[in-house]
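Number of protein chains: 2
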Amino acid sequence: MANRSDTKTRILDAAEKLFAERGFSETSLRLITSKAEVNLASVNYHFGSKKELIRAVLARYLDRFMPAASDELVQLKASSEPSLNEIFSSLVKPLLELNKFKAEGTRTFLQLLGRGYIESQGHLRWFITTHYGTHLNEFVKAVAESAPHIPPAEMFWRLHFTLGTVVFTMASADALTEIAAADFNEHNDIEAVIRKVIPYLAAGVAVPVTSQ
Amino acid sequence: MANRSDTKTRILDAAEKLFAERGFSETSLRLITSKAEVNLASVNYHFGSKKELIRAVLARYLDRFMPAASDELVQLKASSEPSLNEIFSSLVKPLLELNKFKAEGTRTFLQLLGRGYIESQGHLRWFITTHYGTHLNEFVKAVAESAPHIPPAEMFWRLHFTLGTVVFTMASADALTEIAAADFNEHNDIEAVIRKVIPYLAAGVAVPVTSQ
DNA sequence: GTTTAATTTAAACGCATGTTTAAATCAGAG
DNA sequence: CTCTGATTTAAACATGCGTTTAAATTAAAC
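Which chain is which? The protein sequence lines are D and V, in order.
Going letter by letter, the first sequence gives residues 1 to 212 in the UniProt record's numbering.
Going letter by letter, the second sequence gives residues 1 to 212 in the UniProt record's numbering.
Here is the structure:
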């Protein structure tokens, strides 16, 4: 194949689709390069290793999403004391903006995040927290302030429950939307799923702590 | 190594621990057989294949848990119209009973379920639904009856959100309890985590559907 | 004790993986 | 055109995987 300056992009595009669909370790470099119509060795030439390719795929989305999400949050807090629903909902626009960057960008990004948290051998978790930890902390702080009746330790657990919901839902979003279409004739796109999950999460995070 | 009639059990014990910790496809038969101190080929001799070993590992827990959970549910519905909280709470006793069968049995079982749910290449989903589908349907039906204001399609999604929460929480329960102990001086066992998550789940599942 | 079936063992098979190599090809500068 | 550095290419490498094989060993029946 002739020299082509977009080899890196072709690899990233093919990789992100396959990673989102089947997970990282279940996707071989040979499958990626055959879909991208590039040579097998070009992955190692351009990215060094499979791990670095995974990070590059995620970074392409995180570099767009994280600053946008932070901006939305700043804007939201400037005008009012936002509710939990508003805080979660402030993520919707930055998420949907990813569809302008790439077709199915929102779904791909969320699925990649889910795969990353589930499969994480540590290198991804480290990569995300060291590169985007500041943005994450801002978000956690805003959530805590919006539900002051929840003690910090309880909030810690509930935010991780929330993370679990999001991650699992997105990792299996394709299968679930298929089942929903077959069983209930409900045809959901990724935005519909996002808008379904937000009230569920907000209710759980804010529910009063029972002593019992 | 001498002939030993408990080879099957040694394999199951080693396999369930490793499967729960690292997932199915990330756990090789060579790792299992070395931890179990049995010959590599004995897995194929006793179980036929890796897939059948996975099913056998899960069946050992499901055969205990599912009937017990069904019994609890029948008992609960006999005396009253149970609330969502009561229905979820009815699972606690069957779950904790698994600790009598094996040390850390509850945690292992929940982690295995989580791994099976994400990694599922179909054979596990098929195995669970064909062998334990009746029990699952009873539970789903009870949940739906306790929240009649939630349409079936919405309930489908919320139950999967719930599954995601449980599965992710249990998969990372070790790390989370450690962090909670360090940051908040909270010392939780698996039962404490289960009792924290139930109100969160019940609130999310039952929250009224907003039209917006 | 001998025979028979079940089990364990070491070795190999076939295949897929990520990575590396060295030659071939390309694009741009002089 | 010629040279140079970047890129692409085909091939091989080393490793790990699930599985199979055939011989060795064990336990039980007679």
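Think of the CB as a built atom: it goes at the ideal place given N, C-alpha and C, for glycine as much as any other residue.
{"Asked": "Nearest-angstrom Cα separation, counted from residue 190(V) out to residue 109(V)", "Found": "12 Å"}
{"Asked": "Contacts that residue 25(D) makes with chain V (C-beta to C-beta distance below 8 Å)", "Found": "25 and 26"}
{"Asked": "Contact check, residue 207(V) vs residue 154(V), beta carbons under 8 Å", "Found": "no"}
{"Asked": "Cβ-Cβ distance between residue 98(D) and residue 162(D) below 8 Å", "Found": "no"}
{"Asked": "Residue 138(D) beta carbon less than 8 Å from that of residue 70(D)", "Found": "yes"}
{"Asked": "Residue 2(V) (DSSP reduced to helix, strand or coil)", "Found": "Only weak support exists for where residue 2(V) lies, its pLDDT of 39 falling under 50; the coordinates are left without a value."}
{"Asked": "Cβ neighbour criterion (16 or more within 10 Å) applied to residue 16(V)", "Found": "buried"}
{"Asked": "Residue-chain proximity (residue 76(D), chain V), Cβ-Cβ < 8 Å", "Found": "no"}
{"Asked": "Test item: CB-CB of residue 65(D) and residue 198(D) under 8 Å", "Found": "no"}
{"Asked": "Beta-carbon separation (whole angstroms), residue 29(V) vs residue 50(V), contact threshold 8 Å", "Found": "6 Å"}
{"Asked": "Status (buried if at least 16 other CB within 10 Å, exposed otherwise) for residue 169(D)", "Found": "buried"}
{"Asked": "Proximity test, Cβ basis, 8 Å: residue 204(D) and chain V", "Found": "yes"}
{"Asked": "C-alpha gap between residue 237(V) and residue 116(D), whole angstroms", "Found": "The requested residue 237(V) does not occur in the structure, where chain V is confined to residues 1 to 212."}
{"Asked": "Interface flag, residue 55(D) vs chain V, CB-CB below 8 Å", "Found": "no"}
{"Asked": "CB contact check: residue 186(D) to chain V, cutoff 8 Å", "Found": "yes"}
{"Asked": "Start-end ranges of the alpha helix (DSSP H) lying completely within the segment 136-206 of chain V, minimum 4 residues", "Found": "152-171, 173-184 and 190-206"}
{"Asked": "Cβ-Cβ distance between residue 54(D) and residue 124(D) below 8 Å", "Found": "yes"}
{"Asked": "Residue of 151(D), 195(D), 172(D) and 180(D) minimising C-alpha distance to residue 95(D)", "Found": "195(D)"}
{"Asked": "Below-8 Å beta-carbon distance, residue 103(V) vs any chain D residue", "Found": "no"}
{"Asked": "Cα-Cα separation between residue 127(D) and residue 141(V), rounded to whole angstroms", "Found": "43 Å"}
{"Asked": "Spatial distance of residue 36(V) from residue 192(D) (CA atoms)", "Found": "47 Å"}
{"Asked": "Status (buried if at least 16 other CB within 10 Å, exposed otherwise) for residue 119(D)", "Found": "buried"}
{"Asked": "Residue 271(D): first and last residue of the uninterrupted alpha helix (DSSP H) it sits in", "Found": "Because chain D here runs from 1 to 212, residue 271(D) falls outside it and cannot be looked at."}
{"Asked": "Extent of the continuous alpha helix (DSSP H) to which residue 14(V) belongs", "Found": "7-22"}
{"Asked": "Reduced DSSP category for residue 210(V) - H, G, I as helix; E, B as strand; rest coil", "Found": "coil"}
{"Asked": "For residue 148(D) and residue 156(D), the rounded distance between their alpha carbons", "Found": "13 Å"}
{"Asked": "C-beta contact flag for residue 62(V) and residue 143(V) at 8 Å", "Found": "no"}
{"Asked": "Beta-carbon spacing of residue 112(D), residue 58(D) below 8 Å", "Found": "yes"}
{"Asked": "Proximity test, Cβ basis, 8 Å: residue 160(D) and chain V", "Found": "yes"}
{"Asked": "is_contact[residue 127(V), chain D] using C-beta, thresh 8 Å", "Found": "no"}
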